[in-house]
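Just below is one structure, and these are the notes that go with it.
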Amino acid sequence: MVIFFTSTVISPPVSIYVGRDKEENEDLIKYGFPEDVWFHVDKLSSAHVYLRLPSDVTWDAIPQPLLVDCAQLVKANSIEGNKKNNVTVIYTPWANLRKTGDMATGQVSFHKDDKVKKIHISARDNSIINRLNKTKVIREVDHEAVRAARIKDEAAARKMALVKKRAEEAELAKARAAEKAEKSYDSIFTEFDPKHQTVQEMEDDFM
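Note that the numbering used here has the sequence shown beginning at 585, numbered continuously upward.
As structure tokens, this is what we get:
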């Protein structure tokens, strides 16, 4: 089961999702999307919280209110972290998560440490948690099916983009050919335009 929240601090609203247990976290580590950003309380046990970014936002330029939403949600879902003030939440792109066979269930490391950022949370903000909880939805997710559907949609989008590109290239080639032909005809008429003949040349033409 996956817990979904909706943050409305940016427009359009974005999804934040959380695994309910360690086993679910394993699936989220395995089946995340490239636009997902992973959040966790630093050096403490906590839920794995994922932010699904819109296409026009990069992980290192997440708007501050959205960062705070995610960090507050992580803190609230940490048994120890929820009781403490001044906690640090780390976050990184899903693709930077590193999982090896010798790690415990739900445990991760990183491919590149320099792609891990931090945000400081001084205290729990109940107004944020209450707002997010009002959007909470819990549902079963078939991660394999979701990934297969995404791959299919992306393939269809690439095919449509290719068809569009080829059509545009064909139109451009047609326009260039027409322009070339027009210039060719202009040169023919210019070469034999009687307006450009001298009086002597015109007289010679009639002799």
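Ideal Cβ positions, reconstructed from N, Cα and C, are used throughout, including at glycine.
Asked, Found
"Classify Ser595: buried if its beta carbon has 16 or more other beta carbons within 10 angstroms, exposed otherwise.", "exposed"
"In the DSSP assignment, find the unbroken beta strand (DSSP E) run with Arg715 in it and report its ends.", "Note, Arg715: premise wrong, no beta strand (DSSP E); alpha helix (DSSP H) at Asn710 to Asn717."
"Looking only at C-alpha atoms, which of Tyr634, Ile663, Glu610 and Ser662 sits nearest to Leu651?", "Tyr634"
"Quick check on the DSSP output: what are the complete alpha helix (DSSP H) runs of length 4 or more inside the segment 625-697, in order along the chain?", "648-660"
"Could you say which of Lys659, Val747 and Ala745 lies nearest to Thr672 if we only look at CA atoms?", "Lys659"
"Using 7 Å as the threshold, is the C-beta distance between His624 and Asn609 below it?", "no"
"Determine, using beta carbons only, whether Asp620 and Arg604 come nearer to each other than 7 Å.", "no"
"Considering only the beta carbon of each residue, do Ile703 and Ala655 sit closer than 7 Å?", "yes"
"Between the Cα of Lys696 and the Cα atoms of Asp640, Ile712, Gly685 and Thr676, which residue gives the shortest distance?", "Thr676"
"Just to confirm before moving on: does the CB-CB distance between Ser591 and Asp644 stay below 7 Å?", "no"
"Please list, in chain order, all residues of the same chain as Val692 whose beta carbon is under 7 Å from its beta carbon, the five residues on each side excluded.", "Ile613, Leu681, Arg682 and Lys683"
"Would DSSP call Val621 helix, strand or coil?", "strand"
"I need the straight-line Cα distance from Asn710 to Phe588, nearest angstrom please.", "18 Å"
"Please say whether Val725 and Val586 have beta carbons closer to each other than 7 Å?", "yes"
"With the cut-off set at 7 Å, would you say Glu664 and Leu716 are in Cβ contact?", "no"
"Just tell me which of Pro649, Ile735, Ala729 and Asp698 has its CA closest to the CA of Asp549.", "An answer regarding residue 549 cannot be provided, because it is not within the stretch 585 to 791 covered by the chain."
"DSSP three-state call for Val586: helix, strand or coil?", "strand"
"Just to confirm, is the Cβ distance from Ser639 to Ser662 under 7 Å?", "no"
"Ser606 lies in the alpha helix (DSSP H); which residues open and close that run?", "The residue you asked about is not Ser; residue 606 is Lys in the sequence shown. Its alpha helix (DSSP H) spans residues Lys606 to Tyr615."
"Give the single residue among Ala732, Val593 and Trp622 whose Cα lies nearest to the Cα of Val602.", "Trp622"
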